[in-house]
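A short write-up of the structure that comes next.
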Amino acid sequence: MTVTPMLGDWEIPRISMMRTQERRKLHEHRVPGRSGSLFQDLGADPAEIRIAGSVFETEERNGFLEAARQRFAEAEPMTFVADIIEATEIQFVLIESLVVEEHAARPGELAYHMVLRESPPPPPPDDPFGALDSDLLDQAAGFVDGVTDALDAVAALGDIPDFSDPSSLVGGAADEAGALIDGLGSVGPAIQSLFGSG
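For the sequence shown, position 164 (counting from the first letter as 1) is numbered 146 according to this note's numbering, and the numbering increases by one without interruption.
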């Protein structure tokens, strides 16, 4: 092996076997009266990578079990590199299964078998406004700005007096005029008493 098999940042130890399987999804169309079939290509199934090996020393065994089971439990796509996936588009994988075995005939040996499945990252989400014309978006933005300006103008008119109530226009002048008229009512009797007319 010229490339050290790496699963994420973890170097998979003591590999004794690696195997890949790639398969296409084909839908068969039978043609009456004709030998053979027509096949419709529905794309490829996720590639499968099988890895087997053994670890021996107690420290190595414990380190392997901790690293492998942690990555299995996380269930997150990880990068994978190895010679066996050369000329493929495999970049990210998940640990689909993890088998660990001990045999009495080989004490101290821990055999393992992992199955990795190709798991490319999802495509980026579509832009909900991507299909809209940019000019239309600019017009919509201008319309919103116009509505906002109109609302601000209406709010500014809130301090204008209500013309349906004339008393609000003259303020306290009406009250002063009423008091003056009431005062004139007492002037008449005073003049009469001055000239002695009875």
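Where is the CB? At the ideal position from N, CA and C, for every residue including glycine.
Who are Val81's beta bridge partners in DSSP?
Within the sequence shown, the letter at position 99 stands for residue 81. Partner(s): His95.
Please tell me whether Phe182 and Pro(-13) are closer than 9 Å, where the distance is taken between their beta carbons.
A query on residue 182 cannot be resolved here, the shown segment of the chain reaching from -17 to 180 and no further.
Neighbour-count burial assignment, Arg88, 16 or more Cβ in a 10 Å radius:
Position 106 of the sequence shown holds residue 88. Counting Cβ neighbours within 10 Å, Arg88 comes out exposed, since fewer than 16 surround it.
Excluding five sequence neighbours on each side, which residues of the same chain lie with their C-beta closer than 8 Å to the C-beta of Asp27?
Within the sequence shown, residue 27 is the residue found at index 45, counting from 1. Within the same chain, Asp27 has close Cβ partners Glu4, Arg5, Arg6, Lys7.
Under 9 Å, do Ile77 and Leu20 count as touching if we go by C-beta distance?
Position 95 of the sequence shown, counted from the start, is the residue given in the question as residue 77. Position 38 of the sequence shown, counted from the start, is the residue given in the question as residue 20. No.
Give the secondary structure of Pro38 by DSSP, where H, G and I count as helix, E and B as strand, and everything else as coil.
Stepping through the sequence shown from its first residue, residue 38 is reached at position 56. It is worth fixing the name first, because residue 38 is Phe in this sequence and not Pro. Three-state DSSP puts Phe38 in coil, outside helix and strand.
Can you tell me whether Gly61 is helix, strand or coil according to DSSP?
Here residue 61 refers to the residue found at position 79 when the sequence shown is read from its first residue. The residue asked about is misnamed: residue 61 is Thr in this sequence, not Gly. Looking at Thr61 - three-state DSSP - the assignment turns out to be strand.
Ignoring anything shorter than 4 residues, give me the alpha helix (DSSP H) runs that lie fully in the stretch -12 to 12, in order along the chain.
none
Nearest-angstrom Cα separation, counted from Asp23 out to Met96
In the sequence shown, residue 96 corresponds to position 114, counting from 1. In the sequence shown, residue 23 corresponds to position 41, counting from 1. Going by the C-alpha atoms only, they are around 29 Å apart.
Could you check the C-alpha separation between Pro102 and Gly45 for me, to the nearest Å?
Position 120 of the sequence shown, counting from 1, holds the residue named residue 102. Position 63 of the sequence shown, counting from 1, holds the residue named residue 45. Answer to the nearest angstrom: the Cα atoms are 28 Å apart.
So is Met(-1) buried or exposed if we call it buried at 16+ other beta carbons inside 10 Å?
Taking the first residue of the sequence shown as 1, we reach residue -1 at position 17. Looking at its Cβ environment, which holds fewer than 16 other Cβ atoms inside 10 Å, Met(-1) is exposed.
Determine the DSSP secondary structure at Gln52, reduced to helix, strand or coil.
Here residue 52 refers to the residue found at position 70 of the sequence shown. Residue state, collapsed to three classes: helix.
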